[in-house]
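Residue numbers for the sequence shown follow my numbering, beginning at 75 and rising by one. All residues carry an ideal CB built from backbone N, CA and C; glycine is no exception.
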Amino acid sequence: MSKFCIKIIIVIFSLLILFTGAVFASNTDKNPSMTHHMMLLVIQLGIIIFAAKFGGIIFDKFLKMPAVLGELFAGILIGPYLLGSIALPGFSHGLFEMAGSFPISTELYGIATVASIILLFLAGLETDFAMFLRFSFAGSLIGIGGVVFSFVTGDLVAVFLSNLISDKPIGFMHPIALFLGTISTATSVGITARILSEKRKMDSPEGVSILAGAVIDDVIGIILLAIVLGISSALTGSGGSHNLDWSKIALIAGKAVGFWLIATVLGLIFAKKIAAFLKKFSHGVMASIALGFALLLAGLSEMAGLAMIIGAYIMGLSLSKTDIAHVIQEKLSPLYHFFVPVFFTVMGMMVDFSAFSSTNIILFGLIYSVTAVISKMLGSSLPALFMGFNLRGAIRVGIGMVPRGEVALIVAGIALSAGLIPPSIFSIAIMMTMITTLFAPPALVWAFKSDKRGTKKEVSTKGEEIEVLEMEFRNIQTTNMLMESLLSSFKEEEFFVHMIDINCRLYAILKDDISVSLRHYPTKVLIECNNKDLQYIKFIFAESILELVEIINEIKDSSDLKQKPKDLFSI
Numbered sequence: 075m076s077k078f079c080i081k082i083i084i085v086i087f088s089l090l091i092l093f094t095g096a097v098f099a100s101n102t103d104k105n106p107s108m109t110h111h112m113m114l115l116v117i118q119l120g121i122i123i124f125a126a127k128f129g130g131i132i133f134d135k136f137l138k139m140p141a142v143l144g145e146l147f148a149g150i151l152i153g154p155y156l157l158g159s160i161a162l163p164g165f166s167h168g169l170f171e172m173a174g175s176f177p178i179s180t181e182l183y184g185i186a187t188v189a190s191i192i193l194l195f196l197a198g199l200e201t202d203f204a205m206f207l208r209f210s211f212a213g214s215l216i217g218i219g220g221v222v223f224s225f226v227t228g229d230l231v232a233v234f235l236s237n238l239i240s241d242k243p244i245g246f247m248h249p250i251a252l253f254l255g256t257i258s259t260a261t262s263v264g265i266t267a268r269i270l271s272e273k274r275k276m277d278s279p280e281g282v283s284i285l286a287g288a289v290i291d292d293v294i295g296i297i298l299l300a301i302v303l304g305i306s307s308a309l310t311g312s313g314g315s316h317n318l319d320w321s322k323i324a325l326i327a328g329k330a331v332g333f334w335l336i337a338t339v340l341g342l343i344f345a346k347k348i349a350a351f352l353k354k355f356s357h358g359v360m361a362s363i364a365l366g367f368a369l370l371l372a373g374l375s376e377m378a379g380l381a382m383i384i385g386a387y388i389m390g391l392s393l394s395k396t397d398i399a400h401v402i403q404e405k406l407s408p409l410y411h412f413f414v415p416v417f418f419t420v421m422g423m424m425v426d427f428s429a430f431s432s433t434n435i436i437l438f439g440l441i442y443s444v445t446a447v448i449s450k451m452l453g454s455s456l457p458a459l460f461m462g463f464n465l466r467g468a469i470r471v472g473i474g475m476v477p478r479g480e481v482a483l484i485v486a487g488i489a490l491s492a493g494l495i496p497p498s499i500f501s502i503a504i505m506m507t508m509i510t511t512l513f514a515p516p517a518l519v520w521a522f523k524s525d526k527r528g529t530k531k532e533v534s535t536k537g538e539e540i541e542v543l544e545m546e547f548r549n550i551q552t553t554n555m556l557m558e559s560l561l562s563s564f565k566e567e568e569f570f571v572h573m574i575d576i577n578c579r580l581y582a583i584l585k586d587d588i589s590v591s592l593r594h595y596p597t598k599v600l601i602e603c604n605n606k607d608l609q610y611i612k613f614i615f616a617e618s619i620l621e622l623v624e625i626i627n628e629i630k631d632s633s634d635l636k637q638k639p640k641d642l643f644s645i
């Protein structure tokens with residue numbers, strides 16, 4: 075799109091906003107109607123979508139940074155603390171007026187909440203915790219180490235530097251300290267996976283360990299959130315950390331973890347029956363009902379004292395082991411691409427930009443961000459050193475685990491909306507997410523600049539040259555059909571299929587010592603694997619294509635189908 079076209083679009087939308095604002099200005103009273111609220115909501119959503127997409131494009135295409143950062147920056151820019159507060163005709167308090175002490179309206183936060191449920195439901199669908207535990211013991215230790223180091227360090231930073239963010243001393247069990255610890259635990263593997271894929275290191279010992287560790291990270295982080303929510307509720311009820319009722323804390327935390335375990339176990343037990351029920355419907359209806367289940371379990375999770383995202387994640391995790399998981403992911407992809415950019419932009423809108431005018435907040439934010447980088451690197455690198463990696467390999471693993479992402483932002487948003495942390499702490503969480511996300515890509519490229527091995531012992535390179543299989547088609551529909559057949563074939567061969575990045579359709583496919591990277595383009599499928607596994611992967615690829623050809627031939631040979639076009643034109 076040319077710069078001239080962009081300018082024309084901006085001018086047209088500006089004139090429309092001014093015109094509609096002038097019309098509504100005369101009709102708006104002191105008690106706006108429901109229609110007025112809905113009108114404001116749809117205008118806000120329209121602006122958010124444009125801001126999110128343009129912000130993402132600028133960062134992705136021009137600045138070569140993750141699009142999510144562009145969406146966050148777009149939210150900060152148009153939010154109620156900056157441009158969103160500027161008075162316009164018909165919008166005397168700005169397009170994004172603060173809802174009391176909360177930065178955004180209830181309606182807008184509701185949409186962001188639905189977005190977070192979709193995000194975590196799909197994250198659960200992409201996870202197979204049991205398979206990863208069996209596949210990589212090293213990855214499990216790396217993930218656990220990263221969580222423990224990050225949580226303790228994040229909490230202690232709040233304790234020792236409490237004078238920078240609070241008028242009163244903060245203890246280790248204070249809600250602010252607990253949430254700062256929790257926020258720093260989650261790893262966003264999508265950013266790392268893109269770099270590993272570009273460097274063709276996805277199937278390296280470091281790549282496999284990072285992937286496994288990040289999955290363990292997210293699972294433990296969700297459980298940790300449940301515990302911290304329970305503890306924070308108990309502390310709030312007991313008057314603070316100076317008057318701890320440990321029996322109440324144990325009861326609430328136990329109830330939270332109990333709900334998590336029971337729901338997860340029941341979900342995994344009944345997953346096949348749920349899938350069998352969903353298979354009775356068309357693919358589109360199947361995905362909608364699956365999302366409905368996720369929404370219901372999210373609501374029950376909130377009723378049990380946990381966050382809604384925990385219920386959504388459990389439902390996704392339960393269905394991840396079924397053969398309809400990739401169908402649900404495919405059908406919900408449009409919802410993902412609409413809601414998730416809105417979510418990140420709304421998270422950016424909740425950042426109190428004035429908080430950064432405080433030297434104390436900026437200083438604390440920088441120290442917290444630096445310690446978040448160091449703690450995750452140490453927590454992940456030290457176990458790696460004991461699992462066969464040398465210092466070079468351990469550093470690569472540590473850097474790969476550094477980026478924080480969507481889970482950290484969701485946890486921060488939950489804490490802010492519940493009144494457990496002030497807006498300044500939320501702004502610090504956003505700063506940490508941005509800094510860790512910006513740090514990881516160039517650092518990882520530097521770490522893999524050398525071709526020297528990252529393991530202590532020499533790993534045989536015989537037959538380990540990377541081979542590429544590529545198949546291109548004329549239309550998107552054929553490519554989608556092949557992908558569905560290909561993923562089913564891999565699962566039938568007992569491979570673990572894990573979608574790492576829904577945006578660029580990047581899959582990691584693992585079985586024993588076989589590691590495959592699969593990319594799904596609109597009209598092309600690309601597979602990367604080791605030379606030693608090439609014939610086996612070719613066999614699976616050929617099997618999937620033959621299955622697709624068989625379906626097409628069956629359609630072509632069907633006399634009923636041949637007759638239908640003639641019937642349509644017969645008089």
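Extent of the continuous alpha helix (DSSP H) run through S262: No alpha helix (DSSP H) contains S262, which DSSP labels as neither H nor E.
Residue span of the alpha helix (DSSP H) that contains V420, given as start and end: A399 to M423
Spatial neighbours of E624 in its chain, beta-carbon cut-off 8 Å, leaving aside the 5 residues before and after: none
Three-way DSSP call (helix, strand, coil) for F246 in this model: coil
Sub-8 Å separation of Y387 and L254 beta-carbons: no
Any 3 or more C-beta pairs closer than 8 Å across the region 233-244 and the region 479-493: no
Span of the beta strand (DSSP E), counted from its first residue to its last, around R593: I588 to Y595
Residues near F418 by beta carbon distance below 8 Å, same chain, minus five either side: A126, V142, E145, L146, G149, E480 and L483
Extent of the continuous beta strand (DSSP E) to which A161 belongs: Careful: A161 lies outside any beta strand (DSSP E) and carries neither H nor E.
C-alpha distance - A327 paired with H411, whole-angstrom precision: 35 Å
Which listed residue (I257, T338 and N434) has its alpha carbon closest to that of D291: I257
S43 versus I588: straight-line alpha-carbon distance, rounded: Outside the displayed span of the chain (75 to 645) sits residue 43, for which this structure offers no information.
Proximal residues to W520 (C-beta, below 8 Å), its chain only, five neighbours per side dropped: none
Reduced DSSP secondary structure (H/G/I, E/B, other) of N434: helix
Where M573 sits in the DSSP three-state scheme: strand
Straight-line gap, T507 to Y155 (C-alpha atoms, nearest Å): 20 Å
Contact under 8 Å by Cβ, L518 with T266: yes
Helix, strand or coil at N627 according to DSSP, with G and I counted as helix: helix
Ranges of the alpha helix (DSSP H) found wholly within the region 110-174, counting only runs of at least 4: 141-152
Assigned exposure category for Q118 - 16 Cβ within 10 Å defines buried: buried
Reduced DSSP secondary structure (H/G/I, E/B, other) of I509: helix
Unbroken beta strand (DSSP E) run spanning I540, endpoints: I540 to E546
V359 classed as buried or exposed, judged by whether at least 16 other C-beta atoms fall within 10 angstroms: exposed
Residue span of the beta strand (DSSP E) that contains L584, given as start and end: L580 to K585
Strand pairing of V599, partner residues [DSSP]: M545 and H594
Limits of the unbroken alpha helix (DSSP H) element including T529: Note, T529: premise wrong, no alpha helix (DSSP H); not H, not E.
Classification of T433 by the beta-carbon crowding that lies within 10 angstroms, buried from 16 upward: exposed
Inter-residue CB distance, L169 and I121 (contact presumed, cutoff 8 Å): 7 Å
Helix, strand or coil at F564 [DSSP, three-state]: helix
Option nearest S449 by Cα separation, candidates G439, M475 and L137: M475
M172 versus E181: straight-line alpha-carbon distance, rounded: 12 Å
F463 - DSSP class collapsed to helix/strand/coil: strand
Own chain partners of A345 with C-beta closer than 7 Å, once the 5 adjacent residues on each side are dropped: S392, L393, K395 and T396
With 16 other Cβ atoms within 10 Å as the buried cut-off, status of E544: exposed
Cross-strand partners of N604 (DSSP beta bridge): I540
Cβ pair count under 8 Å reaching 3, the region 222-235 against the region 186-200: no
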